[in-house]
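*Asks:* Sharing a structure below in structure tokens format, with a few things to ask.
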Amino acid sequence: MMTTLVASRVSPGRVGAVIGRNVGALRSGPSYWIVLLSGFFEPLLYLLSIGVGVGALIGELTVDGRTMPYATFVAPAMLAVSAMSGALAETTFNFFFKLKYMKTFEAVLATPVRPIEIAVGELVWAIVRGSLYTVIFLVVMVVMGLVEPGWALAAFPATVLVGLAFGGLGMAVSTLMRGWQDFDLMGTGQFALFLFSGTFSPVQGYPVGVEVLIQLTPLYHAVELVRGLCMGVLGWGLLGHAAYLVVLAGAGVWFASRRLSRTLCD
48 MMTTLVASRV SPGRVGAVIG RNVGALRSGP SYWIVLLSGF FEPLLYLLSI GVGVGALIGE
108 LTVDGRTMPY ATFVAPAMLA VSAMSGALAE TTFNFFFKLK YMKTFEAVLA TPVRPIEIAV
168 GELVWAIVRG SLYTVIFLVV MVVMGLVEPG WALAAFPATV LVGLAFGGLG MAVSTLMRGW
228 QDFDLMGTGQ FALFLFSGTF SPVQGYPVGV EVLIQLTPLY HAVELVRGLC MGVLGWGLLG
288 HAAYLVVLAG AGVWFASRRL SRTLCD
């Protein structure tokens with residue numbers, strides 16, 4: 048219902064204008080491209096160092112009755128992390144800078160564009176950035192033999208959904224930030240998700256209380272969805288993970304647009 052309400056208030060043309068403004072920023076020079084591409088390498092380095100390097104010591108891993116090389120287990124998680132990192136980078140640091148310091152959104156609101164359309168436009172742009180990371184990462188996985196090409200294609204829409212969910216979450220969090228110091232807290236939370244969302248070990252290995260807590264977090268659902276598709280393990284549980292991410296995205300966009308209205312229009 049919330050997602051339907053948001054969609055009914057959005058003009059595609061005005062959303063496109065917000066996206067076009069971000070596309071125009073690409074022409075400002077090579078520095079933006081360097082920043083844009085830099086976020087791709089962290090998950091790749093973790094895949095090579097831990098998935099492949101440590102994986103050579105671990106050998107094979109058995110999860111839910113399926114035995115697989117450790118790198119095959121880690122790679123889909125790093126793919127989900129790539130989508131998350133791309134979306135969060137655009138909707139946290141960049142979004143906050145435009146909101147608090149450049150006053151970009153105040154200028155945009157002088158046009159017919161409304162806060163909800165700013166939020167949706169910024170979210171779509173974040174998805175584009177996250178999708179750029181995941182396409183490159185999927186190619187690397189296919190070349191390394193960590194996923195079949197057909198399942199890589201099936202996993203790509205899931206990575207777009209992951210970017211959508213974390214983009215909405217990132218914008219919502221950014222509207223609550225008081226200053227750059229608050230990003231230290233966000234970074235700590237993001238790193239904790241990165242380590243304890245079934246990325247490097249099955250969550251079933253944790254105590255029951257910790258396992259339940261992990262299963263409430265968004266990256267866990269992202270990892271499980273992407274991993275299931277990469278491995279060709281289909282089931283109703285994947286729909287549950289997808290539904291969680293859809294709700295998170297809708298709630299994030301709604302909350303961010305409300306906060307933008309209060310901050311910029313009052």
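Heads up, the sequence shown is in this note's numbering, so the first residue is 48 and it goes up one at a time. Note that the Cβ used here is the ideal one computed from N, Cα and C, for glycine as well.
1) Going by other Cβ atoms of all chains shown within 10 Å of its Cβ, with 16 needed for buried, is Ala303 buried or exposed?
2) DSSP on Ser55, reduced to helix/strand/coil?
3) Measure the alpha-carbon distance for Thr310 versus Arg274 and round it to whole angstroms.
4) For the beta strand (DSSP E) that contains Arg113, what are its first and last residues?
5) Beta-carbon within less than 7 Å of Pro116's beta-carbon, same chain only, minus the 5 sequence neighbours each way: which residues are those?
6) Take the Cβ of Lys150 as the centre, count every other Cβ of all protein chains shown within 10 Å, and call the residue buried at 16 or more, exposed below.
7) How far does the alpha helix (DSSP H) with Thr206 in it extend, from its first residue to its last?
8) For the pair the segment 279–297 and the segment 196–210, tell me if three or more CB-CB distances fall below 8 Å.
9) Within 8 Å, do at least three Cβ pairs link the segment 215–231 to the segment 168–178?
10) Can you tell me the Cα-Cα spacing of Leu193 and Ala127, whole angstroms?
11) Can you tell me which of Pro59, Glu137, Val57, Leu94 puts its alpha carbon nearest to the alpha carbon of Met191?
12) Can you check whether the CB of Pro265 is closer than 8 Å to the CB of Phe213?
13) Please look up how many angstroms separate the CB atoms of Val65 and Glu169, rounded, as I've assumed it's under 8 Å.
14) Taking only beta-carbon atoms, is Thr138 less than 8 Å away from chain B?
15) Hey, how far is the Cα of Arg113 from the Cα of Leu223?
16) Between the Cα of Gly299 and the Cα atoms of Phe243, Pro196, Leu272, Ala134, which residue gives the shortest distance?
17) Using the three-state DSSP reduction, which class does Leu193 fall into: helix, strand or coil?
18) Residues in its own chain within less than 6 Å of Phe143 by CB, not counting five upstream and five downstream?
19) In or out: Val186 buried (at least 16 other Cβ within 10 Å) or exposed?
20) Quick check: the Cα distance between Leu156 and Asn141, rounded to an integer number of angstroms?
21) For Leu292, I'd like the list of residues in its chain whose CB is within less than 8 Å of its CB, leaving aside the five on either flank, ordered along the chain.
22) From what residue to what residue does the alpha helix (DSSP H) around Leu260 run?
*Replies:* According to the structure data:
1) Residue numbering aside, residue 303 sits at position 256 when the sequence shown is read from its first letter. Answer is buried; the Cβ neighbour count reaches 16.
2) The count along the sequence shown starts at 1 and reaches residue 55 at position 8. In this prediction, Ser55 has a pLDDT of 46, which is less than 50 and means its spatial position is unreliable; what the coordinates show is noted afterwards. Ser55: helix per DSSP, three-state reduction.
3) To locate residue 310, count along the sequence shown from 1; it is residue 263. To locate residue 274, count along the sequence shown from 1; it is residue 227. About 39 Å.
4) On the sequence shown, position 66 is the one that residue 113 refers to. 113–116 is the span of the beta strand (DSSP E), which, as asked, contains Arg113.
5) Translated into positions along the sequence shown, residue 116 becomes position 69. Correct list, in chain order: Gly102, Glu107.
6) Residue numbering aside, residue 150 sits at position 103 when the sequence shown is read from its first letter. The residue is exposed, with fewer than 16 neighbouring Cβ atoms inside 10 Å.
7) The residue you call residue 206 lines up with position 159 of the sequence shown. Residues 196–221.
8) yes
9) yes
10) As a first step, residue 193 is located in the sequence shown; it is residue number 146 there, counting from the start. As a first step, residue 127 is located in the sequence shown; it is residue number 80 there, counting from the start. Answer to the nearest angstrom: the Cα atoms are 14 Å apart.
11) Along the sequence shown, one-based indexing puts residue 191 at 144. That would be Leu94, whose Cα lies nearest to the Cα of Met191.
12) By 1-based counting over the sequence shown, the position of residue 213 is 166. By 1-based counting over the sequence shown, the position of residue 265 is 218. Yes, they are a contact pair.
13) Walking along the sequence shown from the start, residue 65 turns up at place 18. Walking along the sequence shown from the start, residue 169 turns up at place 122. Going by Cβ atoms, the distance from Val65 to Glu169 rounds to 7 Å, so yes, they are a contact pair.
14) Here there is only one protein chain, and chain B is not present.
15) Taking the sequence shown and counting its residues from 1, the one referred to as residue 113 is at position 66. Taking the sequence shown and counting its residues from 1, the one referred to as residue 223 is at position 176. The straight-line gap from Cα to Cα measures roughly 43 Å.
16) Reading the sequence shown from its first residue, position 252 is the one you call residue 299. The candidate whose alpha carbon is nearest that of Gly299 is Ala134.
17) Walking along the sequence shown from the start, residue 193 turns up at place 146. Of the three classes helix, strand and coil, the one that applies to Leu193 here is coil, per DSSP.
18) To locate residue 143, count along the sequence shown from 1; it is residue 96. Ser221, Met224.
19) On the sequence shown, residue 186 is found 139 positions in, with the first residue counted as 1. It is exposed - the Cβ of Val186 has fewer than 16 other Cβ atoms within 10 Å.
20) As a position in the sequence shown, residue 156 is number 109, starting the count at 1. As a position in the sequence shown, residue 141 is number 94, starting the count at 1. Taking the straight line from one Cα to the other gives about 18 Å.
21) Residue 292 sits at position 245 when you count from the first residue of the sequence shown. Once the five neighbours on either side are set aside, the close Cβ partners of Leu292 are Leu208, Val209, Leu211, Ala212, Pro265, His268, Ala269, Leu272.
22) Within the sequence shown, the letter at position 213 stands for residue 260. First-last of the alpha helix (DSSP H) with Leu260: 255–261.
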